[in-house]
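Asker: Pasting a structure here, questions to come.
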Amino acid sequence: MSGRVEQPRRIWSDPFFFAILATIGGTYVLLILVMLLADVTFLVQSRPEIPVAIDFESRGDGGRFQSNDPIETAFADSGLTIGLAEEGPLRLRRFDTRRPPYAARDLGAPHGDFGGPGRGAGGGRRASHPNRHPLDHVLLAARRSAADPPRHETIFDFGRPVTLRSLSLARPATQPISVELHGEGPETTEHRRLEPGQARLQLDVDHVTELVLRATAPIGRASVDVEAARQLATNEDGTRGDEGPGSASRPLAWQVVPPASAWEPSNDPATLTFDWADPVMLDRVTLFNTEAPTLIRLYGEGGKLLSERQVEPTGRNGLLAVTVEQEGTARAEVALPPRGAVAELGYRWIGRLRSDFERRHPFVARWTHNAVTMALRKPEIRYSIRLSLISCTMTAVLSLWIAIPLGYLLSRYHFPLRNTIDAVLDIPIILPPLVVGLSLLILFQFFPASVREAVVYEIPAVILAQLAVSCAFAVRTMRATFDQLDVRREQVALTLGCSRAQAFWYVTLPESGRGILTAGTLAWARALGEFGPLLIFAGATRMKTEVLSTTVFLELSVGDLGAAVAVSMIMVVSAVAVLILARIWGSRVLSL
Amino acid sequence: MIELERVTVVSGPFRLVDCSFAVPARRYGVLIGRTGCGKTTILEAIAGLRRVTEGEIRLHGRDVTRTRPAERNVGYVPQDGALFETMKVRDQIAFPLTIRGCRRAAVRERVDEMAELLGIAHLLDRYPQRLSGGERQRVAIGRALSFRPKTLLLDEPLSALDDATRRQMYDLLRRVQRETDVTTLHVTHHREDVKELADTLLRLDDGRIEVVPMQAWADG
């Protein structure tokens, strides 16, 4: 460097003036630091917890219950095991209030919204309890039914609305069989009938979620043709059978509902126990059909009694959500009156089972398990990190590919429209980001459909949107880099026998290395923060065009502040890393 | 032989009109003039880095007025040496030969030869940032002469050097000229350079060049 800059002045030479400058400038510096500090504090303080609502309808892993799934360990993946306090003849059973067995046919009141006896209780549009789903399964203590059901049932539960083509029986009906086709909403039940001697019934009904066959004699093996020639069948004894070949595009989580008649609600009081592998924040317990007060006891770790409360009766077929909100619950005991049931359980926990190591060293576990590691565990966020790294790197490389020749051209040559081109390069920098995205979107309306479909709302759009803005910064930086390089060295190279291209390649390009690094990192950092154009031009589709900035937006919009801050911190860290990289190896004269 | 005949160079507001002179072959010409009077411009015109609007430049009888710098076979040493920042001294000196596609052994031999001549053998593996002013000039001269040009243009090569180094450089330049038989044009504003080096003396004044007989110069 030829020009020497005068040394900065000592602060005590003009203390008052220094104080004024420092106050005004320091406020901003402080704001930046405090902002980042607040993020870190939030992450350290936040205890990532996943809300879990167990309604006994689906298993803890999200799958559907099959007839032989034990309820006791069905939620072990959610840290919960269930049991009965007393040993005895009673067993825990899921009980479907939509289809009460003969011996308890008064359990599960018909609900106006869901029409028809035995189908749905509470939880409808007019109900006010927090379970948003219509009540179906509840958990209760049951005993083996003494009364034999006077009728036989086979129930296909399809899990989602399907189109039914036909119903076939392995052997013709001996007695009339009533066929009920249930849809999703109220007033959607259709009734058909299989006459004695008939073995096949053409159905052709859309939007069926359940098919119920009822007869006074055993029905035997039944099968239905569903949608695209797929066949579902029961076994001879009415349990779930095989799934015939079919060109089904969508998987179907169907089941055959186990005959509920074998067990019936106990007429004795029973205490249900809920044990958690790790203490949880127990939010609520929803009770059903308690006709006497219920006692709820909550224990912490080591069996310490945390609270004990008596809950008023719900009344026959009534539903009551008891707000508990007990931190550190390790065990809950619900002493139910006869025929009472637990309809739902809501709690918050860390989302996975802790290892022994984490139990022994809770402080270390804080570092291995926090909002950031939780975020990193989500496949969407992993995808978005991967896509961000790839797309930003590609954008940086492409930006340099454009910026090096363009910067050199603007720095070394005078040509017509040079100033105009210079001004055009400012457009992406000053334009509102949304407008850049919109302009790209509009541009691609003029392309053939095949090109448009390959780019718009796809990964190429991500790179193109990032490039549109980042490249302008890279060109600026490269131009400044070349402006600072002495032309003289290039001229000497020319006299030494180089062509213009050789002089550029062997002399100028190596000397602009630091500038290239600065331009590349700048483009990379800009691309990482790009959001507006991406949203418009590439969309915000999870696992497709989701980059880190999109993730922050998406996580915020679903209310997951912890994940949003965690992803923000990932971006802050990578941006700071890039900044340090640029400061250490990049040009000291050019800044980001 | 460096010959300029009625050469006009226009560069922005600066004009050098109708300028003629000659430096005989294998002689050391010194062009003297005040700072900012266009000495560098003349060197650049001869090296082919500045466009000549009128007139003719001939190097050893060949008209090079419209020839590319690479084809003029001129060694050019600008004022600060303009060494390539990313190359070691060895690579700087080898650069013109590498560009010309010389064999590696030949390149190495020539680099050693130049290093010997200029006394920079111990500097070959250094980068230019770690060289002193005199060392930089030697390297620049080595780079300019490694491809055996017939013409050497020096732009104030000694201006930034202290007296002791300057004296060494006089010896060096004389020896280089004697051993390589290169026709040299040395631009300076130092009177001592003339006394020590010049075979032919040219003075640039107000855009005109006059040949000053050495005898007249010695007489003052």
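Respectively, the protein sequence lines represent chains A and B. In terms of this note's numbering, the first sequence opens at residue 1 and continues consecutively. In terms of this note's numbering, the second sequence opens at residue 1 and continues consecutively. Note that CB positions come from ideal geometry on N, CA and C, so glycine has one too.
1. Nearest chain A C-beta to B/Leu158 closer than 7 Å, yes or no?
2. Helix, strand or coil: how does DSSP classify A/His369 here?
3. Measuring alpha carbon to alpha carbon, tell me which of B/Thr151, B/Ala94, B/Arg100 and B/Leu153 ends up nearest B/Asp125.
4. For B/Gly33, which residues in the same chain have their Cβ closer than 7 Å to its Cβ, ignoring the five residues on either side in sequence?
5. Let me confirm a value: A/Val612 is counted as buried when at least 16 other C-beta atoms fall within 10 Å, else exposed. Which label applies?
6. Looking at the C-beta of A/Cys498, does it have a partner C-beta in chain B at a distance below 7 Å?
7. Answer yes or no: do A/Ile177 and A/Leu213 have a C-beta to C-beta separation smaller than 7 Å?
8. By Cβ distance, which residues of its chain are closer than 7 Å to B/Thr180, with the 5 residues on each side in sequence left out?
9. For the region 482 to 494 of chain A, which residues have a beta carbon sitting closer than 8 Å to at least one beta carbon of chain B?
10. Which residue wins for smallest C-alpha separation from B/Leu97, given the options B/Val107, B/Ala198, B/Glu5 and B/Leu131?
11. Rounded to the nearest angstrom, how far is the Cβ of A/Val342 from that of A/Val285, given a contact under 8 Å?
12. So, with DSSP's three-state summary, where would you put A/Asp136?
13. Which first and last residues belong to the beta strand (DSSP E) in which A/Ile82 is found?
14. Using a Cβ cut-off of 7 Å, pull out every chain A residue sitting near B/Ile99, in sequence order please.
15. List in chain order: all unbroken beta strand (DSSP E) runs of 3+ residues lying wholly within the region 164 to 200 of chain B.
16. Grouping DSSP H, G and I as helix and E and B as strand, with all else coil, what is A/Phe442?
17. Residues in its own chain within less than 6 Å of A/Gly407 by CB, not counting five upstream and five downstream?
18. Going by C-alpha to C-alpha distance, which of A/Leu345, A/Glu327, A/Arg309 and A/Val552 sits closest to A/Gly529?
19. Helix, strand or coil for A/Gly406 per DSSP?
20. Comparing alpha-carbon positions, which option in A/Gly318, A/Thr273 and A/Gly302 lies nearest A/Glu607?
21. Contact defined as beta carbons within less than 8 Å: I believe A/Ile350 pairs with A/Pro48. What is the distance between those atoms, to the nearest angstrom?
22. Determine the closest residue to A/His369 out of A/Glu358, A/Pro432 and A/Pro379, with distance taken between C-alpha atoms.
23. Could you list which residues in chain A have their beta carbon closer than 9 Å to that of B/Val74, in chain order?
24. Please confirm whether A/Ser166 and A/Leu203 have their CB atoms less than 7 Å apart.
25. How about A/Ala575 and A/Ala527: do their beta carbons lie closer than 7 Å?
26. Should A/Phe288 go down as buried or exposed, given a rule of 16 or more other Cβ atoms within 10 Å for buried?
27. Am I right that B/Tyr28 and B/Thr184 are in contact with their C-beta atoms under 8 Å? What's the rounded C-beta distance?
28. Closer than 7 Å, Cβ to any Cβ of chain B: which residues of the region 393 to 414 of chain A, in chain order?
29. May I ask you to verify whether the region 435 to 443 of chain A touches the region 501 to 512 of chain A, counting CB pairs closer than 8 Å and requiring at least 3?
30. So what does A/Gln175 bridge to, in DSSP terms?
31. Among B/Leu43, B/Pro213, B/Asp18 and B/Leu31, which one has its Cα closest to the Cα of B/Gly55?
32. On the DSSP bridge list, what partners appear for A/Pro432?
33. Enumerate in chain order the residues of its own chain whose CB-to-CB distance from A/Val40 is below 8 Å, with the five nearest sequence positions on each side excluded.
34. Please determine, among A/Trp505, A/Ala170 and A/Pro89, the residue with the shortest C-alpha to C-alpha distance to A/Asn267.
35. Quick check on the DSSP output: the beta strand (DSSP E) that includes A/Gln310 runs from which residue to which?
36. Determine the chain A residues that contact B/Ala47 at a beta-carbon separation under 7 Å, and present them in chain order.
Answerer: From the atom records:
1. Chain A contact via Cβ: absent.
2. Note: A/His369 maps to coil in three-state DSSP.
3. Restricting attention to B/Thr151, B/Ala94, B/Arg100 and B/Leu153, the CA atom closest to the CA of B/Asp125 is found in B/Ala94.
4. Result list for B/Gly33: Lys39, His189, Arg203, Leu204 and Asp205, in chain order.
5. An answer regarding residue 612 of chain A cannot be provided, because it is not within the stretch 1 to 592 covered by chain A.
6. Yes, because at least one Cβ of chain B sits closer than 7 Å to the Cβ of A/Cys498.
7. The answer is yes: Cβ separation under 7 Å.
8. In the same chain as B/Thr180, and ignoring 5 residues on each side of it, the C-beta atoms closer than 7 Å to its own belong to Leu145, in chain order.
9. Taking 8 Å as the Cβ-Cβ cut-off, the region 482 to 494 of chain A approaches chain B at Asp486, Arg488, Arg489, Gln491, Val492, Ala493 and Leu494, given in chain order.
10. Nearest Cα to B/Leu97 within the set B/Val107, B/Ala198, B/Glu5 and B/Leu131: B/Val107.
11. Your pair A/Val342 and A/Val285 checks out as a contact, with CB atoms roughly 6 Å apart and the cut at 8 Å.
12. Of the three classes helix, strand and coil, the one that applies to A/Asp136 here is coil, per DSSP.
13. It spans Leu80 to Leu84 - the beta strand (DSSP E) in which A/Ile82 sits, taken as one unbroken run.
14. The answer, in chain order, is Leu496, Gly497, Cys498 and Gln502.
15. Correct list: 183 to 188.
16. As written in the sequence, residue 442 of chain A is Ile, which differs from the Phe given in the question. Here A/Ile442 carries a helix assignment [DSSP, helix/strand/coil].
17. Excluding sequence neighbours, A/Gly407 sits near Val475, Met478, Arg479 and Phe482.
18. When only C-alpha atoms are compared, the closest one is A/Val552.
19. According to the sequence shown, residue 406 of chain A is Leu rather than Gly. Residue state, collapsed to three classes: helix.
20. Residue 607 of chain A lies beyond the residue range present for chain A, which begins at 1 and ends at 592; the question has no answer from this structure.
21. By a beta-carbon distance limit of 8 Å, A/Ile350 contacts A/Pro48. Their separation comes to about 7 Å.
22. For the residues A/Glu358, A/Pro432 and A/Pro379, the minimum Cα distance to A/His369 belongs to A/Glu358.
23. Neighbours of B/Val74 on chain A, chain order: Thr495.
24. Yes, they are a contact pair.
25. The answer is no: Cβ separation not under 7 Å.
26. Here A/Phe288 is buried. Its C-beta has 16 or more other C-beta atoms within 10 Å.
27. About 5 Å separates the two Cβ atoms, so the contact holds.
28. From the region 393 to 414 of chain A, no residue has a Cβ closer than 7 Å to chain B.
29. Using a C-beta cut-off of 8 Å, the region 435 to 443 of chain A makes no contact with the region 501 to 512 of chain A, since fewer than three inter-stretch Cβ pairs fall below that distance.
30. Answer by DSSP bridge pairing: none, since A/Gln175 is not bridged.
31. That would be B/Asp18, whose Cα lies nearest to the Cα of B/Gly55.
32. Beta-bridge annotation (DSSP): A/Pro432 is not paired with any residue.
33. These residues qualify, in order along the chain: Met569.
34. The shortest C-alpha separation from A/Asn267 is found at A/Pro89.
35. A/Gln310 -> beta strand (DSSP E) spans Leu305 to Val311.
36. Against chain A, the beta carbon of B/Ala47 has neighbours under 7 Å at Thr495, listed in chain order.
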